[in-house]
Structures are given as C-alpha cells and as structure tokens.
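Colleague:
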Amino acid sequence: MRLKADLTLLIISIIWGSAFVAQRVAGQLGSVYQFNGARYLLAALVVLPFVKRSDVKSMPREQYKWMFIAGCFLFVGSALQQAGMVYTTAGNAGFITALYVVLVPIALFFVWGENPHWLAIVAVVLAGTGAFLLSTGGRFAIHAGDMLELIGALFWTFHVIILGKHASKFEAMSFSVGQLIICGFLNIGVGALFEPLMSFSWSLTFAVAYTAFFSIGLCYTLQVWAQRHTPPADAALILSLESVFAVVSGWLLLNETLGGIQIFGCVLIFIAVILSQFKEWTSGKIDTNHLVEGR
C-alpha cells in the first residue's frame, strides 16, 4: 500500500509540474484573470461532489469569513503567478513558486513571533541565492516575470499560513470548494474589467481543462488518499519534486532550456525546500495545508 501511495504522490507531482506548461500556454495567449477564473470555478465543480451536504448545513459563520480571506489571498497569488507566466518559463515559475515552502517559517517569525528551526535560516539563504541565479543566470538583471512569480510566492506563503492557523479548524472539502469559488469569481470580475473577452482556442480550452480537472480536482482527491498510506517524509520529498517536473515538462513540451548557472540555482532551491521541511520529517508530522491550497 505504501508503494502505491508513493507512486500516486509521484503522479501528482508530475501533474502539478506539467500544469505549469498549461499555464505558460495560457500566458502566451495573454490570458490571466479569465483563465484563472475559468479553471478555479471549474475545479470547484469537480471537487463539489465530494462535499457532504451535512457539512454545508453545519458550516459555522467563522468558516465563511476565513474562506473569503483565503480565497482573496489565493486570488492575488494565482493572478501574480499567471501574470508572471506571460513573461517567464514554466520551469522558472515552478521553482520560484516553490519558495513559499521556505518562506513560511520566516513569515511566522516576523509576523507571529514563532522562532524558526535553524535549518529554515539556512534554507532561506540557499533559496535566495538559487532564485537569483535562476532568474538572472548570474547577471544582475532580474526578469519581470520572475519578479511577479516571487511576489506571488509571498502571497502563497500567507495563504498557507492562513490555512494552517484557521482552515484546519473546519472540514477540508467544503473549505476548499468555498475558497475556489471566491478566487474564481474575483478573477472573473477583474478580468471583465481589465481584459478583453477571451476568444476560443483549443490550446486555451485544454489548459483550462487540464489545470481544473487534473491539477486541482484529480490531484486533490488522490492526495487525500495517498497521504493516509505513506510516511510524512515520503510525501514531503515526493511532492517537492513538483518544481523539477515543471522544468522537465517545459523542456519536453515547450523546448525551454536552462543554462548551467540556472540549473545550479534550481538545485539550491530544491535543497532549500527539502531543508525547510526537515523539522516536520523528524517529528513524524507533515504540514498538510496544501490539501486545501487550491493549486
């Protein structure tokens, strides 16, 4: 059963990584808010059948408040991420987005006064160096798309913290659907104001369907099952491969390439992500907030 669970998590990482390619395709077509709105609302419909009617009826008022707040952070994070995809590669977006794992303990220290594990400090230094090398290739010129991804990672960071401190009090499925709906409608609203209406495109339709059905809907349900049947260390390591598969997918499907210095930057970021989760591994626990993140 453990092997099946680990293989399932590996499939999830591959799907999540390749989803950056779908987002990059949408970005090349100039779609940000309407693309996000369509995929998040469709994803909500995919997950909705798994929500029990009794959980909806018994939903406390406080859950509505935190679903709205989480949905707002999800909206800003996803909008910045997708806007960055217009200008950067799928691989860069995958690795820079992964920085939120490293930034969570740092944000907890500065905002909530929670002391980080010493390895978290090392992880931040490695991640910062890696992000610089990945974005610049060793030259002092940071690309606009990578900067948008980095700012987006900050919002992913606070989104994860909100989930950890508040969403864990509520039923996960209903909370997930609620924030997906809020994020979707916010994207649709902003898109209606600032974007021209999306024209039909098979590439864009595939990107919406892939990210909604597979990246969010299928992976969400599979992850809930898989993490019940595998140790935390296995799950943390396998799910950390998402950014690696983003680079591989970009190379295979979009002919994206990285220079030697950029590859070294990716390695530093990957090591930083692993180090930042070391405390959870040794304690036998793993942060499962990503179960309701809404990719």
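Each residue of the sequence shown is one higher than the last, beginning at 1307 in my numbering.
Just so you know, even glycine gets a beta-carbon here, dropped at the ideal spot from N, CA and C.
1. In the DSSP assignment, find the unbroken alpha helix (DSSP H) run with M1659 in it and report its ends.
2. Along the alpha helix (DSSP H) that carries S1509, what are the first and last residues, could you check?
3. Would you check if there are 3 or more beta carbon pairs closer than 8 Å linking the region 1386-1401 to the region 1506-1515?
4. Looking only at its own chain, which residues have a Cβ that is under 7 Å from the Cβ of D1312, when we skip the five neighbours before and after it?
5. Distance check for V1431 and V1410, CA to CA, integer angstroms please.
6. Quick check on DSSP: helix, strand or coil for R1367?
7. At the level of alpha carbons, what is the spacing between R1330 and F1491?
8. Nearest to L1315 by CA position, among A1413, Q1387, Q1529, M1453, is which residue?
9. Please name the residue in T1517, P1422, L1574 whose C-alpha comes closest to that of A1349.
10. Beta-carbon within less than 7 Å of F1570's beta-carbon, same chain only, minus the 5 sequence neighbours each way: which residues are those?
11. Assign M1479 to buried or exposed, taking buried as 16 or more other Cβ atoms, counted over all protein chains shown, within 10 Å of its Cβ.
12. Comparing C-alpha positions only, which one of I1577, C1572, G1470, V1550 sits nearest to M1373?
13. To the nearest angstrom, how far is it from the Cα of S1337 to the Cα of F1481?
14. Considering only the beta carbon of each residue, do G1333 and C1489 sit closer than 7 Å?
15. Take K1363 as the anchor and find which of E1477, V1417, I1575 has the nearest alpha-carbon.
Modeller: Short version:
1. With the chain covering only 1307 through 1601, there is no way to say anything about residue 1659.
2. 1508-1515
3. no
4. T1536, D1540, I1544
5. 14 Å
6. helix
7. 22 Å
8. Q1529
9. T1517
10. L1439
11. buried
12. G1470
13. 27 Å
14. no
15. E1477
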